[in-house]
Amino acid sequence: MITRHRAQRALAAASLGLAVAAGGLATASTAQAYDTGTTTISCSAVKIRKAPSKTSTVVGIGYRNDKVRYDQWAYKKAEKTWYTRGTVTRKSDGKKIRGYMIYNCANPYKTNPAPKPSIPK
Numbered sequence: 004m005i006t007r008h009r010a011q012r013a014l015a016a017a018s019l020g021l022a023v024a025a026g027g028l029a030t031a032s033t034a035q036a037y038d039t040g041t042t043t044i045s046c047s048a049v050k051i052r053k054a055p056s057k058t059s060t061v062v063g064i065g066y067r068n069d070k071v072r073y074d075q076w077a078y079k080k081a082e083k084t085w086y087t088r089g090t091v092t093r094k095s096d097g098k099k100i101r102g103y104m105i106y107n108c109a110n111p112y113k114t115n116p117a118p119k120p121s122i123p124k
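So that you can map any letter, position 70 of the sequence shown is 73 in the working numbering, and since no number is skipped, the others follow by simple counting.
As structure tokens, then:
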């Protein structure tokens, strides 16, 4: 009898743990919104980085009016900064650079400063 109760408790704990883990994964994805579209860079120049962070490696630079094909936004909570991920096609040399850039410089609304998405909790 005691063994059966222990087995039931273990099963309930495992189920609860799985539910909590799945809920955590679901809320972690709210920091990133996926969409696809095209815009242009609105700043005079913007660093394109490997990851959404001000300290991440710079993979290239985009300039005003270069085209951006974006597919993701990411919010860096520690920096309180939104980033746009996409591929920049430079007008000067036609080079394509893929990475993250500051949202204010590459936003789907073609304005500066951009209306930002709500901050995830």
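For glycine and all other residues, C-beta sits at the position ideal for the given N, C-alpha and C.
Other residues of its chain near residue i: CB distance less than 6 Å, five sequence neighbours each side excluded
i   : result
K99 : T90 and T92
T60 : K53
K94 : D69
Beta-carbon proximity of residue i to residue j, cut-off 9 Å
i    : j   : result
T39  : K70 : no
I105 : W76 : no
K79  : S56 : yes
C108 : V49 : yes
Own chain partners of residue i with C-beta closer than 8 Å, once the 5 adjacent residues on each side are dropped
i   : result
S47 : Y66 and R67
N-terminal and C-terminal residue of the beta strand (DSSP E) that residue i is part of
i    : result
T92  : T84 to T92
Y106 : Where Y106 is concerned, there is no enclosing beta strand (DSSP E), given that its DSSP letter is neither H nor E.
R67  : It is not in any beta strand (DSSP E) - R67 carries neither H nor E in the DSSP assignment.
I51  : A48 to R52
Integer Cβ distance of residue i from residue j, believed to fall under 8 Å
i    : j   : result
G102 : I51 : 4 Å
Other residues of its chain near residue i: CB distance less than 7 Å, five sequence neighbours each side excluded
i    : result
R149 : This structure does not reach residue 149, given that the chain is present from 4 up to 124, and the question cannot be answered.
Heavy atom of the ligand GDP within 8 Å of residue i beta-carbon
i   : result
V71 : The model on display carries no ligand, and the ligand GDP is accordingly not part of it.
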